[in-house]
Each structure stands twice: as structure tokens, then as C-alpha cells.
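Numbering (the working numbering), first residue to last: 13 to 113.
Here a beta-carbon is modelled for each residue, glycine too, at the ideal position from N, C-alpha and C.
See below:
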């Protein structure tokens, strides 16, 4: 999944710095320019990863989905500078578990 996220970020002029997560969600540290439309980047990350994972693992994951959805519509963004440093966010993300495949 990390490779998928790296590819999507690259196509949007962004850099995936960290990727960790839980069994039911992921944590990404992404560097991008102020001109990047965050909603477009998140939409691409979710849609491309969902499509590629479904292509390879559809029968295995179907029972774990929310209806037909791979991802929920929601996401959370913490901006470096909103009282958080890059180092603090990296430390938090690295403290999480890496999701299986």
C-alpha cells in the first residue's frame, strides 16, 4: 500500500515521508506545496489505493468493508505549524503499527 501512496503523491507533486497505521486506518506524513488541493490529493489516495487493492484482494477483503466502501469519506489533517512540529508528527506516526500488506 505504501508504494501505491508514493505513486499517487508523486503524480500530485507531493512526497510521502512516512506511512504507518492501524488495521482500520492509516497515518501518512505528506509534504506538498500550498498550491496542492488537499481534497483532490486525499480523493486520489483513497480511490487509487481502493481500486488497486480490490483488483488484487477483492474476495479476501469483501467481508471487512463498510458495504461496498473500502475507505470512509472522512479524513483528518494535522498541519505542521498548528502547534505540532514535523518531528512530533513523525514520532507519533512511527509509534503506530504498520498495516499488513
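State buried or exposed for residue 17, treating a residue as buried only when at least 16 other CB atoms are found within 10 Å of its CB.
buried
Where residue 113 sits in the DSSP three-state scheme
In this prediction, residue 113 scores a pLDDT of 48, lower than 50, which makes its location untrustworthy; the coordinate-derived value is nonetheless stated afterwards. Residue state, collapsed to three classes: coil.
Residues in its own chain within less than 8 Å of residue 15 by CB, not counting five upstream and five downstream?
none
From the DSSP output, which residues share a beta bridge with residue 37?
34
DSSP three-state call for residue 50: helix, strand or coil?
helix
Whose C-alpha, out of 39, 34, 13 and 22, is nearest the C-alpha of residue 102?
39
Inter-residue CB distance, residue 26 and residue 42 (contact presumed, cutoff 8 Å)
5 Å
In three-state terms, what does DSSP make of residue 3?
There is no way to answer for residue 3, as the model of the chain reaches only from 13 to 113.
Can you grab the Cα-Cα spacing for the pair residue 83 / residue 106, in whole Å?
22 Å
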